[in-house]
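Have a look at the structure below, then the notes.
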Amino acid sequence: MSETVTSTSRGQWSRRLTGHDAVIFYILISVVVISMISVNYFASTLTVGFLLIQVLPILLIAMPMALVIVSGEIDLSVASTAGLTSATMGVLWRDSGLDIGSVMALSLLVGVLCGAFNGFLITTLGLPSLAVTIGTLALYRGLALVVIGDQKVASFPKELNAFVLSKIGSTGIPVMMIFVLIVIAFFAVLLHFTPFGRGLYALGYSPQAATFVGVRVGHSKFWLFVATGIVSSMVGVFLTLRLASAGPDNGTGMELSVIAAVLLGGVSIFGGRGNIPGVVGGVLLIGTLTYALRLAKVPETALIIVTGGLLVLSVVAPSVIAWGKERIRLNRLHREIQGQNASGTTRA
Amino acid sequence: MATAAETAPALTPAGTLALSLRGASKTFGPVVALADGTIEILPGEIHALVGENGAGKSTLVKILAGVHSPDGGEFLVGGKPAHFRNVSESKAAGISVIYQEPTLFPDLTVAENIFIGRQPKGRAGLISRGEMRRRAAELFATLGVPIDPDRIADGLSIADQQIIEIAKAISLDANVLVMDEPTAALSGVEVERLFSVARALRDKGAGILFISHRFEEVFDLSDRITVMRDGRYIQVHNTAEVTAPAIVTEMVGRELGELFPKKEAEVGDIVLKVEGLTSVGTFRDIDFEIRAGEIVALSGLVGAGRTEVARAVFGIDPYDVGSVSIDGARLNPHSPQDAIAAGIGFVPEDRRKQGLVLDLSVARNVTLTLRHSLARFGLISGRREKAAAEDWSQRLQVKTGSQDLPVSTLSGGNQQKVVLAKWLATDPKLLIVDEPTRGIDIGTKSEVHRLLSDLAGRGIAILMISSELPEVLGMADRILVMHEGRISAELHRGGATAELVMQAAMGNHGELHPGRTNEEISTGLEAGE
Amino acid sequence: MSTVTHAPAAPRSSSLKRFLTAREIPVASALIALIAVTYIINPRFLSPQSAKDLMLNATIMVILAVAQALVIITRNVDLSVGAILGLVAFGTGTVFNIFPNIPLVVVFVVGMFFGGLLGSINGMLVTSAKVPALVITLGTLYIFRGVLSSWAGSNQYFSGDNPKEFGNLSVDTFLSVPIITIIAVVITVAVAMFMSSVRSGRDLYAIGSDPDAARLFGIPVGVRVLSAFIACGALTGLAGVLYTSRYNSVGALTGSGIELDVVAAVVVGGVAIFGGSGTVAGAATGAVLLATITGALTATRVDKFWQQAIVGVLILAAIVIDRVVSLRRTRKLRASEAKDV
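Protein sequences, first through last, are from chains E, W and V. Take 70 as the starting number for the first sequence in this note's numbering and just add one per residue. Take 3 as the starting number for the second sequence in this note's numbering and just add one per residue. Take 3 as the starting number for the third sequence in this note's numbering and just add one per residue.
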């Protein structure tokens, strides 16, 4: 699934077992096991529930975000889109008299519009996605403030709040996870099993070469930004119902966690490399670590340091490894040349 | 092999050579880029270096520039041995190279580009803009070219950028100025300007080496000409004492015929029809057709517009006027998707940046064009994809350790096979190949030619762009020669010679055959004049 | 030597024309227009007290923008500045707590040193790992913020805890300009001179314009970029010290979220996000503009909730204008290059 380097079939498996994704999963499993042993209350069905509810927003947005980064772009406006959606939802619910279903549908429309606006600026006007989404990050958050001010709307139907927090039977797994799994499956299939996904990898590595095989570069990127927009607004709706409160602050700062998790999950910031299982692993790793440490009464602040450290490590490590490999290769080449010079052979 | 010392005209006793390279060689893996690189440049001369594509000229220039160090041979600058480890060292020794793509900093001013890293200082040790501007203006005055020193470099024409690079070279006290295809991107008036600058510099004692395919310019500007072929020095001449046809013969002189056999193929219906194709400023009124089983070559000098025509046909670039039809059906412009769906494949010139996605595996590259056809209900099965990749890799005998290795690990020849494989897998009606054997070893070259011949035999129409005359003459059923954006000649297999092609590519200026049309010359030469 | 009539090279552009098309003109004009319009609507906007508040508010932003401009011009970015600001600010409060009689100069030096140290961490990671600065500084943002949170906990230092003359820097004025504002202006001028008239400053522009060409020319890219990050950190440290002087309290949340405002100010001020162009003066103007918007909104009784949205629109406008200008230049080039076919 991921674009790994192998030399034989056996080598392929050994590489799979030592590749980036595998490492993430090993660490994840270690964290889980260690926590179950040493942290009180960790090994219980309640844990699963709380943990998943907490990582749910990050997990959702990480999906389209992974595709965006694979294609060589980035979207920093996701949290603001969620906030704007939440604010819109609150105001509609409070003032418009529509039923909750319509309110939710209209709120999702906000995500479509936000994503389309990003996509338009980036693909049609050809502006750099980093700069554009910094701008829309401010713009959408600002609009959220304009829409709802500094008030909060809290009068949402209690059944919905309960539903959103409910679990499947006695397993402790939130019902919402079914929805999340559908979303994960959708993007996994899209990236790994469709022509669109194949084209996306090519596009991320080399837009020129992608154009030559008929990939519609602008078209593809546009819809990816619409995707991040829609999923962000879904998260906005979710957060509103979960907290039973609509406000412009919902989701602030989420974009950094999403990007950290995606990069940790093995997606290269340069584009072209990465896979969905790795990203899921990245999200779960950060989420589990955070949860376990919190349960172990480690101060919140240390958790933030850990997240940041993991992010830096995950991007610096490949460079260090590549540097090491290059040194080894150059040394071998050196020895070869010296050997040849010594024996006096000339190359044809 | 005769060396320069034995066959060159006597050196002027007045000075030592500005630069002398003898017997330099350079190999990259299996490819021998240079076998006998020899050139001597006098101070106060303009020296032209001519040779076909792949003759080794660029490698020689890079050795002079300090980009590569030669595997063997002798290199003297100003009479002293030179071992450059990087570009800065060659610059310090007085050699300045100007490439086709000048590297100016777009956000800095012209003056600053010239003096970057050594800006003149004024009061309190701060950079003096006024002094920088003054010196730059002085340089431009010496060259006879008024460019505003305070202008931002971004947006300057290539011609102006070259002048600035020359100004930079002068400010670095260059003794030898090397220019690689300097006029490839210039219009007539700009070329004149460049020439007067070059002559001015020569008169001041600099040695100028320039590479060019344009004979008119070579004969107009140079004092001496060195000819290279197949990575070797062939001969040096005084320009006044030699003719263009003689130079051409030296450039191409090898046995043709059996090297690139094209089987006789049954020529079928018209597959590609291009009518009145025009892209303002690039090419104009391009009309031609290609039938099933035909190989048509598009020949001409760098900058004639061949690749641009091909890109327009395939839909990468838009065009302004005209039409492209496949099997009689008109093709939408500017849509590679439509072109691919209509059965066109395109093997581009730049293998590494356009033909392949280097970081993806061999398998993925081969099946990239198949991604839609491999999909059932929108989903691709990994197994079928792998099978297709192995199938096509095997058919073309791509040598790789494993299908999953990144394609960047393959040799140039095998990389080209991957590109071909991926297009053949789409079962195209028309295959466009742009410089199909550039940078490939001899063995793989003939494999590629045999393959193209087979494809034509099976009814595929082939449009081949090539700068290698033997390849063109051997493979093509018909040769369309382009010159400055138009088709200047159409030659058929029986009647085409290297000289004819070259002349049509040069645009057939009066100096050689005053007052005759292409057809007259062609018939005349065929009649054995 | 022959002179030949030739295709017209670029005509000598007049100084006036160059002045008017400078990248800083739009933001400067916007600032003047904003002040003028606000003044017309509410003349008290420029009253001595209000003007003083404006200048004080702008000071911190200006220094941060100048610092960030150094990094952005090299085609990098430093998102951790908010956390660095907070760390140094809290550190200043701590220092005063432990050494109540410490000379102010020492505090400034320590603060700048601390900031420079943090900046050097960013710089070393960026130059050695070949990973975009965006990602690296995202990570250090987390780390620094976390360190600050665990260090400060729920403690805060209030302006009353600091020596009186320290707080007075933000109150006392010289020619009706607050002292800290004067410091900001001096810094801006000094850095601007460095960037325009010192060789290593010009190297930063070259690196941002074309890093590969810069390396080819022998410019020590790694050293220059590292220095840019260290300078950015040191100046941010300075801003952190001044922050403690200006504001009532410093704690774990100080500087939180300010990084995006700073990047916005720099971009709006005409510094290209991809580096190579723009000036420190422009970045400073952008910072003043952003800081003034808040005040203007209050003075004109516009809902202050429009502030963020306006900032977003400004960033987008700056990027779009930049793009339009460069497209126009490319089109002109293509027209001049077109062969007569």
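Just so it is clear, CB atoms sit at the ideal spot from N, CA and C, and this is done for glycine as well.
Taking the Cα positions, LEU482 of chain W is about 27 angstroms away from THR428 of chain W.
When Cβ-Cβ separations below 9 angstroms define contact, GLY118 of chain V makes no contact with chain W.
Taking the Cα positions, LEU110 of chain W is about 27 angstroms away from ALA186 of chain V.
With a threshold of 9 angstroms between beta carbons, GLN102 of chain W makes no contact with chain V. Along the stretch 322-343 of chain W, the positions whose C-beta sits under 9 angstroms from a C-beta of chain E are SER337, PRO338, GLN339, ASP340, ALA341, ILE342 and ALA343, read in chain order. In the DSSP assignment, SER490 of chain W falls within the unbroken beta strand (DSSP E) covering 488-494. Only buried fits VAL327 of chain E, as 16 or more other CB atoms lie within 10 angstroms of its CB. Excluding residues up to 5 positions away in sequence, ASN78, ALA135, ILE138, VAL227 and PHE231 lie with their Cβ nearer than 7 angstroms to the Cβ of VAL128 of chain V in the same chain. The DSSP assignment places 246-254 and 308-316 as complete runs of the alpha helix (DSSP H) inside the stretch 239-319 of chain W, in order along the chain (cut-off: 4 residues). In terms of beta-carbon proximity, PHE262 of chain E lines the interface with chain W, with at least one pair separated by less than 9 angstroms.
Remark: C-beta atoms of VAL295 of chain E and MET173 of chain E do not approach each other more closely than 9 angstroms. Per the Cβ contact rule, the stretch 259-277 of chain V is in contact with the stretch 199-206 of chain E (3 or more Cβ pairs under 8 angstroms).
In terms of CA proximity to LEU66 of chain W, W:LYS93 leads the group W:ALA389, W:LYS93, W:VAL474 and W:ALA312. Beta bridge pairing from DSSP links LEU433 of chain W with W:GLY347 and W:ILE464. A straight-line Cα-Cα distance of about 41 angstroms links GLY314 of chain V and GLU167 of chain W. Spanning the alpha carbons of GLY259 of chain V and GLY88 of chain V requires a straight line of approximately 11 angstroms. Between the C-alpha atoms of ILE249 of chain W and VAL229 of chain W there is a straight-line separation of about 7 angstroms. Rounded to whole angstroms, the gap between the alpha carbons of TYR360 of chain E and ALA311 of chain V is 35 angstroms. The beta-carbon of GLY347 of chain E is placed no less than 9 angstroms from the nearest beta-carbon of chain W. ALA215 of chain V and GLY277 of chain V have their alpha carbons spaced roughly 14 angstroms apart. One alpha carbon belongs to VAL273 of chain W, the other to ALA267 of chain W, and they sit about 15 angstroms apart. Remark: C-beta atoms of VAL244 of chain E and ILE253 of chain E do not approach each other more closely than 9 angstroms.
Between the alpha carbons of THR309 of chain W and GLN505 of chain W lies a distance of about 20 angstroms. Between ARG137 of chain W and chain V, the shortest Cβ-Cβ separation is not below 9 angstroms. Residues of the same chain with a CB within less than 8 angstroms of the CB of PRO102 of chain V, apart from the 5 flanking positions on each side, are PRO165 in chain order. In summary, the residues of the stretch 201-227 of chain E whose CB is separated from some CB of chain V by less than 8 angstroms are VAL201, ILE203, GLY204, THR205, LEU206, ALA207, LEU208, TYR209, ARG210, GLY211, LEU212, LEU214, VAL215, GLY218 and ASP219, in the order they occur in the chain. SER189 of chain W: not part of any beta strand (DSSP E); DSSP gives it neither H nor E.
Look at the beta carbons and you see the stretch 422-439 of chain W touching the stretch 346-358 of chain W: at least three pairs across the two are nearer than 8 angstroms. For GLY146 of chain W, there is no enclosing alpha helix (DSSP H), as DSSP gives it neither H nor E. Across the set E:SER383, E:VAL367, E:GLY378 and E:GLY322, the C-alpha of E:SER383 shows the shortest separation from the C-alpha of VAL348 of chain E. Residue range 286-312 is occupied by the alpha helix (DSSP H) that includes VAL306 of chain E.
Apart from sequence neighbours up to five positions away, the residues of its chain that approach ILE321 of chain V with a beta-carbon distance below 8 angstroms are VAL269 and ILE275, ordered along the chain. Within chain E, PHE281 have C-beta atoms less than 8 angstroms from the C-beta of PHE348 of chain W, given in sequence order. DSSP, read as helix, strand or coil, puts ALA50 of chain W in strand. For ILE328 of chain E, the chain V residues whose Cβ falls inside 7 angstroms of its Cβ are LEU140, in order along the chain.
Listed along the chain, the chain E residues whose CB falls inside 8 angstroms of the CB of GLY357 of chain W are ALA278 and PHE281.
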